[in-house]
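Structure first, commentary second.
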Amino acid sequence: MTYRMLDPSAHYRSCFGLVPPDDGWLERIRREALERFAESGFPTTRQEDWKYTNTAPLAKIPFRMPSQAPESDVKALLAAYPLLAPGDAAIVFVNGRYRADLSNAAHAQERAVVSSFRAARQDGHRGLVAEHLTRYASYTARPFVALNTAFVTDGALVSIPEQATIERPIHLIFLTEPGAEPIFCQPRALILAGAGSRASVLEHHLGEGDGEYFSNSVSEIALGDRAQLDHFHVARPGARAFHVSTVQARQGRESVLRSYSLSLGGRLVRNDLDTVLAEEGAQCALSGLYLAAGSQHVDNHTTIEHAAPNSTSEELYSGVLGGRATGVFNGKVIVRPEAQKTSARQKNRNLLLSNDAAVNSKPQLEIFADDVRCTHAATVGRIDEDALFYLRSRGVAIAAARQLLIRAFASEITSGIQEREVKAALTEVVSEILSSDEWVEER
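The opening position of the sequence shown corresponds to residue 37 in the numbering used here, with each subsequent residue numbered one higher.
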């Protein structure tokens with residue numbers, strides 16, 4: 037279908053008029069965010085952070101708010117989903133609407149709050165949402181955060197009490213299934229890890245069907261002192277989907293954030309992940325895997341801000357691109373003057389499977405302290421011919437040999453996952469995607 041260019045500010049303002057008003061503090065924030073988006077509109081390639089990602093196709097499509105229930109059997113889809121184990125806590129949103137009948141707050145008995153915003157406000161946790169929403173992800177400087185905030189009516193809330201250890205993963209599932217018209221959803225998540233707590237939270241952004249849709253998610257994460265959190269952002273949108281995500285984290289003293297970002301489809305995908313190591317001794321490890329084939333485009337922008345001394349960061353992002361796919365990696369590490377004794381290592385690795393695939397990689401260091409250890413590196417290459425020759429000399433067919441090497445390259449990210457069941461399930465999902473012919477045959 038062909039669309040004419042529209043005015044995004046006017047279009048989303050008209051959609052905003054269809055949203056029922058909320059109470060005072062949230063309504064004020066939503067209106068401020070809408071005005072901010074109306075002023076800025078979508079970013080353009082003239083802006084440095086969007087130099088290689090063109091949002092013009094996104095701006096042409098008149099996405100509408102979802103008005104109909106999905107046609108598929110959502111319960112059956114979730115039952116077959118390999119990453120969701122029976123009994124795990126799960127908050128489920130379908131086309132932007134919370135589905136209590138599909139959700140399971142299994143950790144409530146451990147005093148953890150696993151709920152929707154609306155339910156939490158009704159259950160006496162109103163203060164959690166009011167205190168933390170928009171505190172970490174500002175809508176004043178980022179158009180997509182502003183757009184998401186303007187349409188916040190509900191979201192997923194996870195709050196882990198101090199010193200609590202949650203043994204099983206907590207799942208936040210955002211499923212989008214468009215109908216005849218293109219739709220947009222604005223998923224929102226708020227994850228709070230109290231001092232000394234430990235937990236794993238998996239965000240799933242899934243698309244069903246082959247329709248056009250726009251998913252624009254924002255997640256805010258706050259780690260208290262000595263808290264440990266494993267956070268997964270797993271995006272498997274539909275082939276014609278636009279998926280934009282922002283994850284903004286703030287870390288307390290000696291806290292540990294292990295972040296895993298997996299982009300496994302979509303027409304255009306943009307991931308922004310920022311963490312601020314705000315207190316002394318904070319640590320983070322960012323791992324990312326992006327797979328793109330056909331004419332897909334995936335863009336990963338990360339920022340690690342060392343704002344206190346004795347902080348440590350490790351980052352490894354790997355991409356596999358075939359067909360005419362394009363990729364972007366822009367990783368920035370900022371070391372503030374007060375962040376002495378910082379240790380930061382960053383690496384981006386890319387495997388190109390065809391002559392038409394391309395990637396733009398830009399690791400960055402901005403260092404304002406003088407007692408630090410910081411390194412960065414980027415590689416872009418093809419399948420190792422010597423390794424391929426070795427496998428073929430041992431009787432492995434060329435297609436199988438290429439697939440073994442591609443999977444081995446991708447497994448460097450999934451092998452670092454500490455949760456054994458999650459590691460096994462994600463490895464299965466990645467292997468399933470890479471088993472198709474478009475990842476094996478050189479184009």
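No residue lacks a Cβ here, since even glycine has one placed at the ideal position from N, Cα and C.
Take residue i as the anchor and find which of the options has the nearest alpha-carbon.
i      : options                        : result
Leu387 : Glu374, Ala361, Cys410, Asp406 : Ala361
Tyr175 : Ser253, Glu239, Tyr249, Tyr426 : Ser253
Ile257 : Thr201, Leu352, Cys320         : Cys320
Pro98  : Ile65, Asp137, Val369, His47   : His47
Arg100 : Val312, Glu457, Tyr249         : Tyr249
Glu421 : Gly230, Leu441, Val312, Ala414 : Leu441
Pro214 : Gly359, Ala314, Gly245         : Gly245
Gly274 : Ala141, Val128, Gly247         : Gly247
Gly417 : Val408, Arg385, Asp407, Leu309 : Arg385
Ser103 : Glu75, Pro118, Cys51, His269   : Cys51
His333 : Thr91, Pro79, Ala437, Ala115   : Thr91
Pro79  : His168, Ser108, Ala182, Ala343 : Ala182
Arg64  : Ile127, Arg154, Ala186         : Ala186
Cys410 : Thr378, Val395, Ala423, Ser447 : Thr378
Pro57  : Asn131, Gly77, Ala155, Asp190  : Asp190
Glu167 : Val280, Phe153, Phe180         : Phe153
Ile202 : Arg234, Leu325, Ala177         : Arg234
Asn366 : Ala344, Val395, Leu357         : Val395
Gln264 : Thr338, Ala285, Ala116         : Ala285
Ser297 : His342, Gly132, Ser255         : Ser255
Asn336 : Glu315, His342, Arg306         : Arg306
What are the boundary residues of the beta strand (DSSP E) that residue i is part of?
i      : result
Thr450 : Per DSSP, Thr450 belongs to no beta strand (DSSP E); it is in the alpha helix (DSSP H), 434-450.
Gln158 : Element bounds for Gln158: not the beta strand (DSSP E) but the alpha helix (DSSP H), 153-158.
Pro399 : 394-403
Val292 : 292-299
Val408 : 408-417
For residue i, which residues does DSSP report across the bridge?
i      : result
Leu346 : Reading the sequence as shown, one finds Asn at residue 346 and not Leu. Its beta-bridge partners do not exist; DSSP assigns none.
Leu304 : Phe278, His333
Tyr48  : The partner list for Tyr48 (beta bridge, DSSP) is empty, contrary to what the question assumes.
Tyr353 : Gly324, Asn384
Ala126 : Asn140, His207
Val254 : Arg224, Thr282
Leu242 : Leu211, Arg272
Arg456 : Answer is none; Arg456 lacks a bridge partner.
Tyr134 : Phe129
Val237 : Ile206, His267
Asp310 : Gln284, Thr339
Ser195 : Val149, Leu228
Arg100 : Ile219
Thr378 : Val408
Tyr88  : Answer by DSSP bridge pairing: none, since Tyr88 is not bridged.
Taking its Cβ as the centre, do 16 or more other Cβ atoms sit within 10 Å of residue i, making it buried, or is it exposed?
i      : result
Gln439 : buried
Gln222 : buried
Leu462 : buried
Tyr134 : buried
Thr170 : buried
Phe425 : exposed
Ser471 : exposed
Pro44  : buried
Glu468 : exposed
Leu54  : exposed
Ser251 : buried
Gly355 : buried
Arg157 : buried
Phe129 : buried
Ser429 : exposed
Thr212 : buried
Phe180 : buried
Val466 : buried
Ala380 : buried
To the nearest whole angstrom, what separates the beta carbons of residue i and residue j, a pair I think is in contact under 8 Å?
i      : j      : result
Val237 : Ile206 : 5 Å
Ser347 : Ala375 : 6 Å
Gly359 : Ser397 : In fact, because the Cβ distance is near 19 Å, the residues do not count as touching under 8 Å.
Ile449 : Ser295 : Their Cβ separation, rounded to whole angstroms, is 11 Å, which puts Ile449 and Ser295 out of contact at 8 Å.
His240 : Leu119 : 7 Å
Asp261 : Arg289 : 4 Å
Ser195 : Ala148 : 7 Å
So does residue i have its beta carbon nearer than 7 Å to some heavy atom of the ligand MG?
i      : result
Asp392 : Looking for the ligand MG in the displayed structure turns up nothing, as the structure carries no ligands at all.
Can you name the start and end residues of the alpha helix (DSSP H) that residue i belongs to?
i      : result
Ile202 : Here Ile202 belongs to no alpha helix (DSSP H), and DSSP marks it neither H nor E.
Phe365 : Segment 362-371 is the beta strand (DSSP E) holding Phe365; no alpha helix (DSSP H) there.
Gly163 : 162-168
Gly60  : 60-76
Leu111 : In the sequence as displayed, the identity of residue 111 is Lys instead of Leu. 110-115 is the span of the alpha helix (DSSP H), which, as asked, contains Lys111.
Tyr426 : 421-429
Lys96  : 92-96
Leu183 : 179-186
State yes or no: is the beta carbon of residue i nearer than 8 Å to at least one beta carbon in chain D?
i      : result
Leu238 : Of the chains in the structure shown, none is chain D; there is only one protein chain.
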